[in-house]
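*Asks:* Numbers in our numbering are just positions in the sequence shown, counted from 1, shifted up by 7.
Got a structure here, written out as structure tokens. Questions coming.
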Amino acid sequence: MPVPLPRAVAAELLGTFALTFFGPGAAVVDAQTGQLGHMGVAAVFGLTVAAVIAALAPISGAHINPAATLALTLAGKFPARRALPYVGAQLLGAALAAYLLLALFGLRGDLGVTVPAVGTGRAFLLEAVMTFFLLLVALRSGLPWTVGAAVALEAAVGGPVTGASMNPARSFGPALASGIWTAHWLYWAAPMLGAVLAVAANRFLSPAAPVEPEPHGAQEFAPRGGQA
Numbered sequence: 008m009p010v011p012l013p014r015a016v017a018a019e020l021l022g023t024f025a026l027t028f029f030g031p032g033a034a035v036v037d038a039q040t041g042q043l044g045h046m047g048v049a050a051v052f053g054l055t056v057a058a059v060i061a062a063l064a065p066i067s068g069a070h071i072n073p074a075a076t077l078a079l080t081l082a083g084k085f086p087a088r089r090a091l092p093y094v095g096a097q098l099l100g101a102a103l104a105a106y107l108l109l110a111l112f113g114l115r116g117d118l119g120v121t122v123p124a125v126g127t128g129r130a131f132l133l134e135a136v137m138t139f140f141l142l143l144v145a146l147r148s149g150l151p152w153t154v155g156a157a158v159a160l161e162a163a164v165g166g167p168v169t170g171a172s173m174n175p176a177r178s179f180g181p182a183l184a185s186g187i188w189t190a191h192w193l194y195w196a197a198p199m200l201g202a203v204l205a206v207a208a209n210r211f212l213s214p215a216a217p218v219e220p221e222p223h224g225a226q227e228f229a230p231r232g233g234q235a
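As structure tokens, this is what we get:
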């Protein structure tokens, strides 16, 4: 039986709040203290995603990412009528987290805003490729540790280049609170392209007999997952 929409939307808001508060928050703390380092920030992103999926996947599927919601909708694993409420909740959660970071730390570290360190063309391609692999892993596994590991891995590689967003909501919150909108469009367009490509690749790779998801995984992402 589907979880009532208000509960599912609340879970998406809380999950995206956590992602934005602890992920960009780690970048803010590192800018202030220098204690975490780049790999520490990447690890915080991955651990946060893993924790959120473990806690909230049974309620909402723990999308916490408009690109993930798009991928699931295109894959036929999520009802289209719920997509816009989910995305709205994700954006609101990210914005609230970013404004809390602003209240706590000011504009230290630009609130972890994602800004490309290379040309927009290369940044677009990198964000699309990273989102593709993240969502492909999520669609074919959905387990907290695998998705979290993918996030940490890609944040470690792509963080210094693009911020390794792979998530329009994660980029939107800090941009709104900081007022820094440099090349913000690519942090929407590239993840959405990556989502479309991940769905296409997953359909091509799908086994004839779907594998049952693990009980505590993000079950919507698994081949026979339930709908939130």
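Note that the Cβ used here is the ideal one computed from N, Cα and C, for glycine as well.
How long is the line joining the alpha carbons of V168 and V125, rounded to whole angstroms?
*Replies:* Translated into positions along the sequence shown, residue 168 becomes position 161. Translated into positions along the sequence shown, residue 125 becomes position 118. Those two C-alpha atoms are separated by around 6 Å.
*Asks:* Report the three-state DSSP secondary structure of G10 (helix, strand or coil).
*Replies:* For the purposes of this step, residue 10 is taken as the residue at position 3 of the sequence shown. According to the sequence as given, residue 10 is Val; it is not Gly. Coil.
*Asks:* By how many angstroms is the C-alpha of G68 removed from the C-alpha of L204?
*Replies:* Within the sequence shown, residue 204 is the residue found at index 197, counting from 1. Within the sequence shown, residue 68 is the residue found at index 61, counting from 1. Rounded to whole angstroms, L204 to G68 spans 21 Å at the Cα level.
*Asks:* Cα separation between F24 and L109?
*Replies:* For the purposes of this step, residue 24 is taken as the residue at position 17 of the sequence shown. For the purposes of this step, residue 109 is taken as the residue at position 102 of the sequence shown. Rounded to the nearest angstrom, the two C-alpha atoms are 14 Å apart.
*Asks:* Going by other Cβ atoms of all chains shown within 10 Å of its Cβ, with 16 needed for buried, is V164 buried or exposed?
*Replies:* For the purposes of this step, residue 164 is taken as the residue at position 157 of the sequence shown. Exposed, since its Cβ has fewer than 16 Cβ neighbours within 10 Å.
*Asks:* My guess is that A49 and G166 are in contact by the Cβ rule of under 8 Å, so how many angstroms apart are they, rounded?
*Replies:* Looking up residue 49 in the sequence shown gives position 42. Looking up residue 166 in the sequence shown gives position 159. About 6 Å; that satisfies the 8 Å criterion.
*Asks:* Ignoring anything shorter than 3 residues, give me the beta strand (DSSP E) runs that lie fully in the region 20 to 50, in order along the chain.
*Replies:* You should have found no qualifying run.
*Asks:* Please name the residue, chosen from V10, G149, L54, that lies closest to F28 on a Cα-to-Cα basis.
*Replies:* Translated into positions along the sequence shown, residue 28 becomes position 21. Here the closest residue by C-alpha is L54.
*Asks:* Could you spell out the range, first to last residue, of the alpha helix (DSSP H) harbouring F112?
*Replies:* In the sequence shown, the residue the question calls residue 112 occupies position 105. 90 to 112 is the extent of the alpha helix (DSSP H) around F112.
*Asks:* In its own chain, which residues sit with a C-beta less than 6 Å from the C-beta of V16, not counting the 5 before and 5 after it?
*Replies:* Along the sequence shown, one-based indexing puts residue 16 at 9. These residues qualify, in order along the chain: P92, A96.
*Asks:* Find out if the Cβ-Cβ distance for the pair P175, W195 is shorter than 8 Å.
*Replies:* Within the sequence shown, the letter at position 168 stands for residue 175. Within the sequence shown, the letter at position 188 stands for residue 195. Yes; because the gap between Cβ atoms is below 8 Å, this pair is in contact.
*Asks:* Go ahead and pull the three-state DSSP assignment for A69.
*Replies:* If you number the sequence shown from 1, residue 69 lands on position 62. Here A69 sits in coil by DSSP.
*Asks:* If we count the other Cβ atoms within 10 Å of its Cβ and call it buried at 16 or more, is M46 buried or exposed?
*Replies:* One-based indexing of the sequence shown puts residue 46 at position 39. Burial call: exposed.
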